[in-house]
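Data block below; observations after.
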Amino acid sequence: MRRISYLLALLLLGGLMFFAFMHKKEDEETYSVKPSVPQSLPDFTFTGLDGKVYRLSDFRGKVVLLNFWASWCPPCREEMPIFQKVYEDCKKYGFVILAVSMDTNSTARDDYLKKLKPSFLILEGNDNVKLIGLPTSYLIDKDGKLYKIKLGVYREVKEDVEKLLGPDKRC
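So that you can map any letter, position 6 of the sequence shown is 6 in the UniProt record's numbering, and since no number is skipped, the others follow by simple counting.
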């Protein structure tokens, strides 16, 4: 009897481990939060690589993806081409990307950007920004209210942007 109980326990444990490791990769790498009540974000100020100072409020009336990334971060590198495609498809409807580089090595950042050639705005991060991890994205609606926070690769960005742009705006 003891042997049967032991075998059943082992089978149960094996089954649990099987299901625990069968989750999709995306589920393990990402975390999304949608605020239950729309929240305004602070009026962040960042300097662009072009030397200009940009405020989040400068983009009121547009759907904004505020993304924090670094050139050394593999998930960041995975999502940047996704963002470039979505930006090219949706910018005509009032969508902007503010990509804040958290790189401490500007040479590595610049080398990566030369290869990527993004057409959206690249900003410089600073020590005041406190993040749990990279990449972290904040999707903000036209009224400046936070729609979603995404930690990890933001694969569903196009669907979320289209929701915020409106039913007649398909990118």
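Each residue gets a CB set at the ideal place from its N, CA and C atoms; glycine is no exception. Remember, it's a predicted structure, so these values are computed and weren't measured experimentally.
Shortest alpha-carbon distance to residue i belongs to which of the options?
i, options, result
"aspartate 111", "Gly94, Ser71, Lys163, Gln39", "Ser71"
"tryptophan 69", "Val157, Asp168, Leu151, Glu159", "Leu151"
"aspartate 168", "Pro74, Lys148, Lys92", "Lys92"
"glutamate 124", "Lys34, Leu134, Ile149, Leu98", "Leu98"
"serine 101", "Cys73, Val63, Lys62", "Cys73"
"leucine 131", "Pro35, Phe59, Asn67", "Asn67"
"leucine 113", "Lys34, Phe59, Leu49", "Leu49"
"lysine 158", "Cys90, Pro35, Gly94, Leu41", "Cys90"
"leucine 41", "Ser119, Asp143, Pro118", "Asp143"
"threonine 47", "Asp127, Arg60, Arg170", "Asp127"
What are the boundary residues of the beta strand (DSSP E) that residue i is part of?
i, result
"leucine 146", "145-151"
"tyrosine 31", "31-33"
"valine 64", "63-69"
"leucine 123", "121-124"
"tyrosine 54", "53-55"
Who are the near neighbours of residue i in its chain, counting only those whose CB is closer than 8 Å to its CB and skipping five residues on each side?
i, result
"arginine 3", "Note on arginine 3: pLDDT 40, under 50, position unreliable in the model; the coordinate value appears next. Cβ neighbours of arginine 3 beyond the five flanking positions: none."
"aspartate 43", "Arg55, Leu56, Ser57"
"leucine 116", "Met80, Pro81, Gln84"
Are the beta-carbon atoms of residue i and residue j separated by less than 9 Å?
i, j, result
"alanine 161", "leucine 65", "What sits at residue 161 in the sequence shown is valine, not alanine. It is a contact, given that the beta carbons lie within the stated cut-off."
"glutamine 39", "lysine 163", "no"
"tyrosine 138", "threonine 30", "no"
"cysteine 76", "leucine 121", "no"
"valine 63", "aspartate 141", "yes"
"glutamate 88", "serine 119", "yes"
Could you name the residues of the same chain whose beta carbon sits closer than 6 Å to that of residue i, not counting the 5 residues immediately before and after it, in chain order?
i, result
"alanine 108", "Ser71"
"threonine 136", "Phe68, Leu151"
State yes or no: is the beta carbon of residue i nearer than 9 Å to at least one beta carbon in chain C?
i, result
"glycine 51", "Checking the listed chains, one finds no chain C in this structure; it contains a single protein chain."
Hey, could you find the ends of the alpha helix (DSSP H) residue i is sitting in?
i, result
"threonine 107", "106-116"
"arginine 170", "Where arginine 170 is concerned, there is no enclosing alpha helix (DSSP H), given that its DSSP letter is neither H nor E."
"tyrosine 87", "74-90"
"residue 172", "Given a span of 1 to 171 for the chain in the structure shown, any question on residue 172 remains unanswerable."
"glutamate 159", "157-165"
I need the straight-line Cα distance from residue i to residue j, nearest angstrom please.
i, j, result
"valine 37", "lysine 148", "11 Å"
"valine 86", "valine 96", "10 Å"
"aspartate 103", "threonine 45", "17 Å"
"glycine 170", "asparagine 105", "Sequence check: residue 170 is arginine here, not glycine. C-alpha separation (whole angstroms): 38 Å."
"arginine 60", "lysine 52", "18 Å"
"glutamate 156", "glycine 94", "18 Å"
For residue i, which residues from the same chain have a beta carbon less than 7 Å from its beta carbon, with the 5 sequence-adjacent residues on both sides left out?
i, result
"glycine 166", "none"
"proline 35", "Leu146"
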